[in-house]
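According to mature numbering (1 follows the signal peptide of the UniProt record, and there is no 0), the residues represented by the sequence shown are -25 to -1, 1 to 667, in order.
What follows is a short report on a single structure.
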Amino acid sequence: MIIKMLMVVCMVIGCMLGTPFSSQAQTKDQHVVLVLVPGLSMNNFFLLMEEEQMQSQSSVIALNRITAGAVDPVNEMLTLSSGLPAEASSLGEENGLSVEKSSTSERMQKYKIFNFEELVEKNKQTTYKARPGSIGETLSNAGVFPSFVGHSDVKEKKYQFASYLTIDGTGETVAEREMPVDKKQKEPGGYKMNVDKTIQAVGKLQDRNTATWTVVEWGDIYRFNQDPDSTASDELVEPLKELLFQLKEQNQTVFLLGVHPPEETMEKGYRMNPFVKWEDTSSPSSIKKLDSATVNQLFLGSSLDIAPTILRTFHLSPPSRWQGEPLDTGEPAKLGQMKKEIDGAATVYVTRGPILSTYISILVVLLIVGYFFWKRNRNPRRWASMWINGAVLAGMTSPLSFELAPALFGRAQVDVPLYCTAVTIFSVLIGAVGVWVGAKRMVWMISSLLLIVLSADLLVGTPLMQRSYLGYDPLIGARYVGIGNELGGFFVAASVLFLEPFIKQKKWIVFVFILLFVVLLGSSMFGQNAGVTLASGCMYIVLLWWSEKNRRWNMLKMMWSAFAGLLGLLGLLWLIQQVGETSHIGRFFQQLIDGEWAEIRNVITRKLQMNAKIILHSNWTKLLLTSYVLAVLYLLFEKNNTMTTSQQIVLKAGTVGSICLLVLNDSGAVAASTSMFYLLCARYVWSHKEES
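This is the structure:
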């Protein structure tokens, strides 16, 4: 018995003594290396990743280039390192990318960003309040040693990109800047990266520290792009490939990030940076895609995702202020599939402006022609009436055509004239069918069909909106999820026209549909558009009030009812944020509850600035001004209003909704213009049909 007790005691003591050693054994040195390649184009990226050995254990994505100002290399690096959109004022590329030695010791050299204090002050004045050096500061506080290796100097000019990703809150960082780069006068820029010396420099830094964050700046491609005498060659990426091979073999997490792509690729729409992650896994695996919860599109992410991804690699949580999300390793993929998506996104980006400009001009002409035809032809000939009604109905069908086009073309790089021809033919065919069926009836049918398609798209994750010219462009980065303001305006106008047959008698149906529309537009799982939701809610409140048969309300009762309706609308918007993942609307409500008034003020300021910018510079302003002026002219010069009471009610409520879209939305000019255009088309068809 005593022997058994002694054995138990020995086992307990052994476990107690063994615990520290076991814990120590489980503590593994963590070294993460990011190879930063200024000037890396998407074409060179695909060349780099062609070999199966490069694809093994890799996960890939392309990132947009979001900043708080112009898309230049300094602003880009500041944004990548801050986790928030940032800008660098007027430092310029040469000054903004330069560093100066701050101290030297036997084992290391310290560098400081040029005019770092100016960068900090500049970003304090923006509404984003980005903090340069956030990544390096956070990692340093967690016991990780940040440093960079290499440079992108061109002859006598010094260029340094990597320092932004390793500096602390004072703008200082440790580096092995000169050692990995050989001076060679015959090479582009007078320098050439040395693979063996680079590996040696990284190894020294890792040997001296338990946990390291090392950014290797591979400057050869940047120097090549800066040299006007250089000729393109597939061998340009071979030394870079060799470096990545050797880093991968050391059983560590390795990232590859391209920044500042060549101007000629930017002009072709490739306004994005490649990003790769090689994980330390025991068995080889095929290439996978990285998923961005921010952008939520295939093979496309945000530059704001980089900072959270780096912190999570070290098991650190990003600050709640940051706008990006850590990138997650997704399903196996093929490089050709990624190229197809990237090419399609580039095509949409580069052709979006001309296509939408032409489309908006056509809508403006259609409204003007329709108005003058209505004004001067009270008793038109039958053929003329058919032509103009068909054209107006085709205009009403156009958002539906743009929404459905991606189902036919996908995101592949398609011939733009063919794309536009398909959209035009579909719209004209629907317009012709409408003339044959009856224009008045067709207004409701087109509105119903548009609502069905948009609602179905929202329910399944907006695959069509993400690829539509009337959707949102992930490379611009204004919106990534839910319903955008172009289609949001059409949705609001179509919804009020859809309710027209029901407002007389079937009020319960109206309530059900209104609730459905508000949930679709505002839910964190579907529309995620607070401005459109609030504006449509105001419109529905006005619609319900105007549809009352005996409206004998005094001003006080009206004001209390409006206040109660708005309060209920805000309550409903808050309630539907509690289901699903947290959206930007949910975060805003949380800031409101927590009393973060400074952050709320910054958000509101950004929204107002965005609306003002769109009104002053966007093509949509042409449609906004035209539609609102014509709406006033219709009211002034209409002599015999032959529309039914229900038609007049929905048009009045829709007009209120359009004005609310203009006031309450960050891109209000866009949503207000599309909604008013749609309402004027319906008004023309209804009034013209009756008078003819």
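Ideal Cβ positions, reconstructed from N, Cα and C, are used throughout, including at glycine.
| query | result |
| --- | --- |
| Residues bridged to residue 231 (per DSSP) | 10 and 251 |
| Beta-carbon proximity list for residue 632, same chain, < 7 Å, skipping 5 on both sides | 467, 471, 510, 511, 513, 514 and 650 |
| N-terminal and C-terminal residue of the alpha helix (DSSP H) that residue 483 is part of | 482 to 497 |
| Residue 31 beta carbon near the ligand NAD (any heavy atom closer than 8 Å) | Within the structure as shown, the ligand NAD is missing, as the structure has no ligands at all. |
| Counted within 10 angstroms of its Cβ, other Cβ atoms place residue -3 as buried (16 or more) or exposed | Reliability of the predicted coordinates at residue -3 is poor, the pLDDT of 28 falling under 50, and no value is obtained from them. |
| Three-state class that DSSP yields for residue 274 in the structure shown | coil |
| Limits of the alpha helix (DSSP H) - the one that residue 612 falls within | 595 to 612 |
| Rounded Cβ spacing between residue 595 and residue 662 (contact assumed at less than 8 Å) | The pair is not a contact, with the Cβ atoms about 26 Å apart (cut-off 8 Å). |
| Which residues DSSP lists as bridging residue 37, in chain order | 249 and 275 |
| Proximal residues to residue 293 (C-beta, below 6 Å), its chain only, five neighbours per side dropped | 283 and 286 |
| Collapsed DSSP secondary structure at residue 649 in the structure displayed | helix |
| Close Cβ partners of residue 585 (< 6 Å) along its chain, the five nearest in sequence each way excluded | 641 |
| Option in 653, 645 and 500 with minimal Cα separation from residue 507 | 645 |
| In DSSP terms, what residue 124 is bridged to | 151 and 191 |
| C-alpha distance - residue 483 paired with residue 603, whole-angstrom precision | 32 Å |
| 7 Å CB neighbourhood of residue 473 in its chain, flanking five on each side removed | 419, 422, 423 and 426 |
| Which listed residue (361, 251, 451 and 638) has its alpha carbon closest to that of residue 45 | 451 |
| Rounded distance between the beta-carbons of residue 108 and residue 191, thought under 8 Å | The Cβ separation is near 19 Å, so there is no contact. |
| Cut-off 7 Å between Cβ atoms - residues of its own chain near residue 449, not counting five sequence neighbours on either side | 39, 270, 272, 275, 320 and 455 |
| Segment limits, beta strand (DSSP E) that includes residue 263 | 263 to 266 |
| Alpha-carbon spacing of residue 105 relative to residue 63, whole angstroms | 11 Å |
| Stretch-stretch touch, CB-based, cutoff 8 Å, three pairs: the segment 337 to 348 with the segment 457 to 466 | no |
| Residue 88 - DSSP class collapsed to helix/strand/coil | strand |
| Every unbroken alpha helix (DSSP H) within the segment 316 to 393, with a cutoff of 4 residues, ordered by chain | 357 to 384 |
| Selection from 318, 132, 264 and 228 that minimises the alpha carbon distance to residue 289 | 228 |
| Proximity below 9 Å, CB of residue 230 to CB of residue 252 | yes |
| Those residues which DSSP pairs with residue 5 across a bridge | 186 |
| CB contact flag (residue 168, residue 193, <9 Å) | yes |
| Residue 87 versus 136, 42 and 439, residue with shortest Cα-Cα distance | 136 |
| Buried or exposed by the 16-neighbour rule on C-beta atoms within 10 Å, applied to residue 298 | buried |
| Spatial neighbours of residue 202 in its chain, beta-carbon cut-off 7 Å, leaving aside the 5 residues before and after | 163 and 164 |
| Inter-stretch contact at 8 Å, needing at least 3 Cβ pairs: the segment 393 to 408 / the segment 428 to 436 | no |
| Three CB pairs or more closer than 8 Å across the segment 543 to 551 and the segment 490 to 501 | yes |
| Identified DSSP bridge partners for residue 157 | 167 |
| CA-to-CA distance, residue 241 to residue 540, given in whole angstroms | 48 Å |
| Selection from 380, 659 and 330 that minimises the alpha carbon distance to residue 439 | 380 |
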